[in-house]
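S.K.: One structure is given below, represented as structure tokens, and several questions about it will come after.
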RNA sequence: GGACCGGUAGUUCAGUUCUGGUUAGAACGCCGCCCUGUCACGGCGGAGGUCGCGGGUUCGAGCCCCGUCCGGUCCGCCA
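In this note's numbering, the protein residues as written are 78 to 665.
As structure tokens, this is what we get:
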């Protein structure tokens, strides 16, 4: 008799003889009758063992949680009053006539029930058991559905799935590479790809007009809840296209995934420029579910006696913003927020508590009031439209620090004050990024990557690179960057120029990118593309706080696998074969 | 590299500071016995601890001090 799937069993099977197999979710031994909840995937079927069949009954008495068993018998309707509405199979049960233990199990190192919370450390050590829990079964299934829908969508839009090497060449700049030593070419190293960027551009040169790949990428940088050393990108590239076309494609792709996986119709995604986003939110990946906005108040304080505000108000490289909330906070809370913005380099956090908005003389409370003129207070009151009970925070200083600290404060206040509607989806496009980011020492680094085309002309790029705008775009969802892309440079002259602006010498460019620069000279079509972070997308769709929860076997914050104990030492023989010597003394 | 939070039974936690003191508790799980309609079954009984690790202070440390390891959140980092 072949095995039936538990999920397929319904009242239609009443009276039928069937066999099932699975894990023992739970046993209720009443002495005279034994109930076994048998689990297969996420589905559970109640098996009844009656004492009449002495042999089976004896076996059943020895069964423990998570044994793997097979049972055959007849599907019966449950007696009246014993129907369990919480179970999909709650109206039926399997009256066992045969039962065998296929595999025993030691007691679990932690309980798999949904009712018991388990720490992540334990879960990761026994990840294969953690994955048995219905919650994990569900998320892994959803993730599979997501990638399946993506494949279908892209394939039906004529995109070709093409694999690119995992063993490739180390690239300068950017993230640190994971490196693979070569035995055949001793002393030389491959690198794992940070992304298939150059290969997908080469595929455009090869004439594959539409490429995609769901592909693992590797970056040897510190992790976060939304960053793992290895992660998965939905990598897309297209020839003879435009930013509008790629954004349109990406938007339809995400809409399709939400429709098919969650049955949610996303409205058209708003588009915002980078500079507007920074101005309003201090961030290039704002969570639009958060209603708070930064308000520039430079104009009010341009002649201020109060240096903390007056100086930045006069300085082009500085910013002065207010952030208003409709809550009155305790002193200790304000102190906490002051500490919080300190993490981002802010020297302090000025604030005004509005006790009575109708009395600008006595109704305000703040250590900085005595430095502010009546005019300034009145202008502030008008511009911010303050009401009694409000608190206003101020950020003043270098643009970067104000944006980062006040942007982070906006997010934190949004969370703490529960201003964010967690049921909502807030996608948006950010475009018109600068081509380069300027470091404090004036040096430039790519804000996207060095193959991004500017939407300005080349002259502008050379004369004033820090002001040049890139033909690039990011997709942001609920405050997470879930995708980003650009139109690419498609001639070697422009590509060489950008590399030189980045401070990469001609020799270095030749050594690292020579093959690519040469390829650009053999008829390169204009092209561009985008890449989405599958892990982040799945995390958001599954309503999880960390991408670890949507990765079957993730690593810890220190890039360690608690289950396999990777990374680990290799033998001296292996090292010798690879011509490598460690500079670390091995522990005793 | 840095800041902060955590590490006590198999698991989840209480106990920990201001205030160190005899035998470190609970719940769930586990083991044994009982139980014929439960479904997070129930009842009775039992076992289970290097308080992450190392050092120090003290008559005495889970608790105080120093160091260290592990997990998490964040800064730096992430073209």
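All C-beta atoms, glycine included, are put in the ideal place defined by N, C-alpha and C.
#1: Determine the burial state of residue 472: buried for a count of at least 16 other Cβ atoms within 10 Å of its Cβ, exposed for fewer.
#2: Among residues of its own chain, excluding the 5 on either side of residue 175, which ones have a beta-carbon nearer than 6 Å to its beta-carbon?
#3: Expressed to the nearest angstrom, what Euclidean distance is found between the alpha-carbon atoms of residue 413 and residue 185?
#4: So, for residue 167: in the same chain, excluding its five sequence neighbours on each side, which residues have a beta-carbon less than 7 Å away from its beta-carbon?
#5: Spell out a yes or no on whether the segment 473-485 and the segment 421-433 are touching, meaning 3 or more CB-CB pairs, one atom from each, closer than 8 Å.
#6: Less than 8 Å separating the beta-carbons of residue 605 and residue 563?
#7: Is the closest heavy atom of the ligand HEM to the C-beta of residue 142 under 7 Å?
#8: Of the residues 542, 325 and 323, which one's Cα is nearest the Cα of residue 579?
#9: Under 8 Å, do residue 442 and residue 430 count as touching if we go by C-beta distance?
#10: Three-state secondary structure (DSSP) at residue 236?
#11: Do you know offhand how far residue 172's Cα is from residue 134's?
#12: Do residue 110 and residue 125 have their beta-carbon atoms positioned less than 8 Å apart in this structure?
#13: Going straight from the alpha carbon of residue 122 to that of residue 336, what length do you get?
#14: Got a sec, what are the start and stop residues for the beta strand (DSSP E) residue 405 sits in?
#15: Within the same chain, show all residues whose beta-carbon is closer than 7 Å to that of residue 285, passing over the 5 residues directly before and after it, in chain order.
#16: Looking at the secondary structure, which residues open and close the beta strand (DSSP E) in which residue 258 lies?
#17: From the DSSP secondary-structure annotation, give me the bridge partner or partners of residue 396.
#18: Check the DSSP bridge columns for residue 504 and list the partner residues they point to.
#19: Below 8 Å on the Cβ atoms is my contact criterion, and I expect residue 483 with residue 538 to pass it. Report the Cβ-Cβ distance as a whole number of Å.
#20: Are residue 560 and residue 251 closer than 8 Å when you measure CB to CB?
#21: So, using beta-carbon positions, are residue 170 and residue 157 closer together than 8 Å?
#22: Could you have a look at residue 517 and say whether DSSP puts it in helix, strand or coil?
#23: Let's see if you can read the secondary structure: which residues bound the beta strand (DSSP E) around residue 304?
#24: Using a Cβ-Cβ cutoff of less than 8 Å, which residues in the same chain neighbour residue 455 once the five nearest sequence positions on both sides are dropped?
#25: Whole alpha helix (DSSP H) runs in the segment 592-647 with 4 or more residues, listed along the chain?
#26: With a Cβ-Cβ cutoff of 8 Å, do residue 494 and residue 404 count as a contact?
#27: Can you give me the Cβ contacts of residue 84 inside the same chain, cut-off strictly under 6 Å, excluding the 5 residues immediately before and after it?
#28: Relative to the C-alpha of residue 555, which residue among 114, 347 and 267 is closest?
#29: How is residue 351 classed by DSSP in three states: helix, strand or coil?
#30: Buried or exposed for residue 452, going by 16 or more other Cβ atoms inside 10 Å?
#31: Nearest-angstrom Cα distance between residue 224 and residue 301?
#32: Should residue 289 and residue 313 be called a contact, given that it needs their Cβ atoms to be closer than 8 Å?
#33: Go ahead and label residue 218 buried or exposed: buried means 16 or more other beta carbons lie within 10 angstroms of its beta carbon, across all protein chains shown.
#34: Can you name, in chain order, every residue of its own chain whose Cβ lies under 7 Å from the Cβ of residue 366, other than the five neighbours on each side?
#35: Closer than 8 Å is the cut-off here; do at least three beta carbon pairs connect the segment 544-553 with the segment 590-598?
#36: Rounded to the nearest angstrom, what separates residue 665 and residue 206 at their Cα positions?
M.R.: If we stick to the structure as given:
#1: Around the beta carbon of residue 472, a 10 Å sphere encloses 16 or more other beta carbons of the protein chains shown; the residue is thus reported as buried.
#2: The answer, listed in chain order, is 149.
#3: Rounded to whole angstroms, residue 413 and residue 185 show a C-alpha spacing of 42 Å.
#4: Taken in chain order, the residues that qualify are 160 and 161.
#5: Contact between the segment 473-485 and the segment 421-433 is present, because at least three Cβ pairs lie under 8 Å.
#6: It is a contact, given that the beta carbons lie within the stated cut-off.
#7: The ligand content of the structure shown is nil, which means the ligand HEM is not present either.
#8: Nearest option by C-alpha distance: 542.
#9: Contact flag set, yes.
#10: Three-state result, residue 236: coil.
#11: The straight-line gap from Cα to Cα measures roughly 12 Å.
#12: With respect to the 8 Å criterion, residue 125 and residue 110 are classified as neighbours on the basis of their beta carbons.
#13: Taking the straight line from one Cα to the other gives about 31 Å.
#14: Counting along the chain, residue 405 falls outside any beta strand (DSSP E), and DSSP gives it neither H nor E.
#15: Excluding residues up to 5 positions away in sequence, 237 and 239 lie with their Cβ nearer than 7 Å to the Cβ of residue 285 in the same chain.
#16: Its beta strand (DSSP E) spans residues 256-258.
#17: Paired residues: 474.
#18: Its beta-bridge partners are 554.
#19: In fact, because the Cβ distance is near 31 Å, the residues do not count as touching under 8 Å.
#20: The Cβ-Cβ distance between residue 560 and residue 251 does not fall below 8 Å.
#21: No, these two residues do not count as a Cβ contact at 8 Å.
#22: Residue state, collapsed to three classes: coil.
#23: First-last for residue 304: undefined, no H or E at that position.
#24: Contacts found: 437.
#25: Unbroken alpha helix (DSSP H) runs of no fewer than 4 residues, entirely contained in the segment 592-647, are found at 611-618, following chain order.
#26: Yes, the Cβ-Cβ distance between residue 494 and residue 404 is below 8 Å.
#27: Within its own chain, the residues whose Cβ lies closer than 6 Å to the Cβ of residue 84, once the five positions on either side in sequence are excluded, are 120, listed in chain order.
#28: Nearest option by C-alpha distance: 347.
#29: Residue state, collapsed to three classes: helix.
#30: Residue 452 should be labelled exposed.
#31: Each residue's Cα considered, the two are about 23 Å apart.
#32: For residue 289 and residue 313, yes; Cβs fall inside 8 Å.
#33: Its Cβ having fewer than 16 others within 10 Å, residue 218 is exposed.
#34: 497, 498, 501, 503 and 555, listed in sequence order.
#35: Fewer than three Cβ pairs drawn from the segment 544-553 and the segment 590-598 lie within less than 8 Å of each other, which leaves the two stretches out of contact.
#36: For residue 665, the predicted structure reports a pLDDT of 37, less than 50, and the residue's modelled location is therefore unreliable. The matter cannot be settled from this model.
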